[in-house]
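Numbering (this note's numbering), first residue to last: -18 to 980.
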């Protein structure tokens, strides 16, 4: 923690210059009286401060304010202590604010030549108390600030004078000190944070337990080493343990200062393990940044890991076997530990729950530990001449015990030092650019402006905690101005994933969205846009291959080890939080396979052609979301994997999740510099462009409707299977648009692979649906593609009472692109009769109740003119009939006439059932060629009508039907006659007409 010291001048009014200035005794006495009075005022002010502390307040800041000091409290109120001002002679010297800059004491913001702390020494013997820190202090004899001189081992005076009231920021708060009139010091402590009440561990995924790995290396002998931590050119033998990550926690209340406490882990028997070191607490915002004040605004803190050397002592129970034994029992069960905080001010102790566990692993046997990558240009960073920079790692990987592990933030690195890679740069260039490595080997600097727009190569030499040494290389390009990186939000894409097959491909489907860049360019400004285009041009290099250029411009982050990338996919909650798989790798796999990018012009044409002039035409970012129709399985929520489980690498296949929000960050950079960022979010929804519709293809054999409950009803009109009892077969090619079309009198398969993506569950009591039975799934691709009714494979039953089967097809689903499964509504499949569902069945003109047929009286020929009967006849011309599809059909055969040949009824009705009989052909009573006539008179059934077929023999031509009405009916009587037109399935359609007798 940076220490802050303030002094307010108490005796400034009495100071004299080095040349000497004398005042009268009277004046001197008056000054002493005034000072005594103001001393009383200062002590009174300190008492007021103490009263606020007693009321539960704590200090959030202390600053110099003119000749006084202003204290800001936790409730945002302030207190000001006025100091003594001289009213004669010269003004007293203002107090001095003492801070630390770059490891050196600074007075009033000016870095001095006095180091603030010496080099870090090796770990002392365990159990020894830590040496006291060497804060700056005031030499009460000389009145000057003193600092610690590590070489002399003593405090030395600086040239900076201190006043009488001094405020020193210390662990946990501030010490306010005033020199009383008798020369004695009075100090009160004002806390800089609230008192710690509880400690809440950071949640680890979905588990509350905090499982940590401890990696340790053992050196049995000293190892040659030239780094800053070396002792006489060696990394000393011993054990070097480190945790796999920092300890993150939340303190309660949020205003508590974690740095006011000493931290350690304790087991349930209150034992503190040895060989587990952490540095001073740092306020944590979730992105590993530290606040300027000691307290954390959200109460989040981290304890950074700290690698120290430990001497093994088997005789003193501090041997290698003893180390791992601190963390687990012999049976392998891990011990539970709590995080303990001990107040530096009053020794009070607070403990977290016992939820921490540790697993100690020796990395000595691990071979080929290697550094995967080094990052030295975090987002938005710049490398300017005249400033020092420190490289840092994001990830270090190693393999141990036959399985792969990852240790974040290079926790295995014990020490490193930098070198200029002189194999890639000349001594003259090094001199011209002023390139240097700092004395400790940790930082680099280029001091001269000539380095601008030039790249400097470096070597990172490192040694791990097991003594293994290695090196990695990196280069830095310097510029002349700090880079401001705008990050422009483009759009929130929320839309159905209505992908279509990608041109020249049958496997991949894609849906694209062009995101307008007008506002992005407005944010950049003209100069910024030029830099952005220049950065893209640099990324293109000399390549002319559009695919290679695209990969360079949109370099995607695929996994955790990727440190140099331009595009990253984030978000996707809660999918990524439900498993243990690395979310970076999960999102990286989605990004790599299923999202493509391009910069396009106003017409949608790609501008990444290799011609840099095309970059001036960019107007939009084109994003294409893809799906693989040959993924090898269907995916569903929540994981969108083919096996329905959480993604864990190569064991299952994934697709872009639907109904889940993601964000894409796209950085544009050249070398290490980011010049701009853009981002957008997207949430793809279930597609709405299912190509298969519940519509009849040609209205020939099927029809869709809704029942009273709103259910989809599919009626299929089939043909009787002569070789199966009571069986009807239906041509399902007509039932779904998108599976077949109908052209030139024939059905043509359209997209059988897409039809295969549509499934229905066949009920157990069905005869056969698309060739499937007994709760098996039928796909529309299984529809028999044949015009022969004997080959149709949707078959149902019909009963003797004229009832036809109906089935409810459940669990209907469509697999969009053969990947995303959408549940569809059930289908009621009803076998039906074209005749029974006739759209039209009526008389052509005469025959209505108002205009009936006329049955004329037939008289005897004996001259008596006796009425024998009434008679009339009907033929095809007397009726208008149309089946379920509005296709005309006829009741009688056709007689030969001038220019017209005779034809049987089956031939006339060939459009119904392919030249086969549709209506019963039996001409005997009561069928009468399938018409089953009946009569009513006065609304009562009557047998006064006799039905006579013209050509009653089965082989004869039946062109019409004659009716004889009994003479007893009499003149002017109206009779209702109904044809019960019956088809081969026993289904009927009634046709009623009227006839009136006439003498």
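Idealized CB from N, CA, C, for every residue including glycine.
Check	Outcome
Is the number of C-beta pairs between the region 458 to 477 and the region 650 to 666 that are closer than 8 angstroms three or more?	yes
What does a CB cutoff of less than 8 angstroms around residue 979 pick up in its chain, not counting 5 residues either side in sequence?	835, 836, 837, 838, 851, 952, 953
Would you mind listing the beta strand (DSSP E) stretches within the region 598 to 653 that are 3+ residues and don't spill past its ends, in chain order?	601 to 609, 643 to 651
Since residue 809 is in the beta strand (DSSP E), which residue starts that stretch and which ends it?	808 to 813
Give the C-beta separation of residue 428 and residue 448 to the nearest angstrom, bearing in mind that I take them to be a contact with Cβ-Cβ under 8 angstroms.	The Cβ separation is near 35 angstroms, so there is no contact.
Is the region 742 to 750 touching the region 672 to 685, taking contact as three or more C-beta pairs under 8 angstroms?	no
With a cut-off of 8 angstroms on the beta carbons, I'd call residue 813 and residue 698 a contact; round off their distance for me.	5 angstroms
Using 8 angstroms as the Cβ pair cut-off and three pairs as the minimum, do the region 394 to 404 and the region 484 to 497 touch?	no
What first and last residue would you give for the alpha helix (DSSP H) that runs through residue 500?	499 to 521
Within a Cβ cutoff of 6 angstroms, which residues of the same chain sit near residue 593, ignoring the five residues on either side of it in sequence?	518
Whole beta strand (DSSP E) runs in the region 378 to 452 with 3 or more residues, listed along the chain?	384 to 389, 394 to 401, 416 to 418, 425 to 427, 436 to 445
Sort 371, 283, 257 by Cα distance to residue 196 and report the nearest one.	257
Measure how close the beta-carbons of residue 972 and residue 860 come, nearest whole angstrom, since I'm counting them as under 8 angstroms.	7 angstroms
Less than 8 angstroms between C-beta atoms, sequence neighbours within five positions excluded: which residues of the same chain meet that for residue 282?	229, 230, 231, 232, 239, 262, 263, 264, 265
If you reduce the DSSP assignment to three classes, tell me which class residue 888 lands in.	helix
Does DSSP classify residue 850 as helix, strand or coil?	strand
How about residue 206 and residue 444: do their beta carbons lie closer than 8 angstroms?	yes
Give every residue of the same chain whose Cβ lies closer than 7 angstroms to the Cβ of residue 933, excluding the five residues on either side of it in the sequence, and list them in chain order.	904
Based on the DSSP secondary-structure assignment, which residues constitute the bridge partners of residue 209?	DSSP lists no partner for residue 209.
I believe residue 331 touches residue 179 by the beta-carbon criterion, under 8 angstroms. Please report the beta-carbon distance rounded to the nearest angstrom.	7 angstroms
Does the pairing of the region 764 to 778 with the region 710 to 729 give three or more beta-carbon distances under 8 angstroms?	yes
With DSSP collapsed to three states, give me the class of residue 733.	helix
Per DSSP, what are the beta-bridge partners of residue 231 in this structure?	181, 281
Step through the CB atoms of chain C and report whether any lies within less than 8 angstroms of the CB of residue 220.	In the structure shown, chain C cannot be found, because there is only a single protein chain.
Mark residue 843 as exposed unless 16 or more other C-beta atoms lie within 10 angstroms of its C-beta, in which case mark it buried.	exposed
Can you grab the Cα-Cα spacing for the pair residue 802 / residue 570, in whole Å?	21 angstroms
Assuming residue 455 and residue 439 form a contact by the criterion Cβ under 8 angstroms, report the distance between their Cβ atoms to the nearest whole angstrom.	6 angstroms
Looking only at C-alpha atoms, which of 786, 497, 607 sits nearest to residue 484?	607
Counting Cβ pairs, one atom from each stretch, are 3 or more of them under 8 angstroms apart for the region 595 to 610 and the region 524 to 541?	no
Using 8 angstroms as the Cβ pair cut-off and three pairs as the minimum, do the region 539 to 554 and the region 639 to 655 touch?	yes
Among the residues of its own chain, which have a CB less than 6 angstroms from the CB of residue 536, if the five just before and after it don't count?	546, 547
Is the closest heavy atom of the ligand MN to the C-beta of residue 757 under 7 angstroms?	Among the components modelled here there is no ligand, and therefore nothing to report on the ligand MN.
Would a C-beta distance cut-off of 8 angstroms place residue 563 and residue 541 closer than the cut-off?	yes
At the level of alpha carbons, what is the spacing between residue 243 and residue 325?	6 angstroms
Which partner residues of residue 722 appear in the DSSP bridge assignment?	729
Cβ of residue 226 within 8 angstroms of Cβ of residue 259?	no
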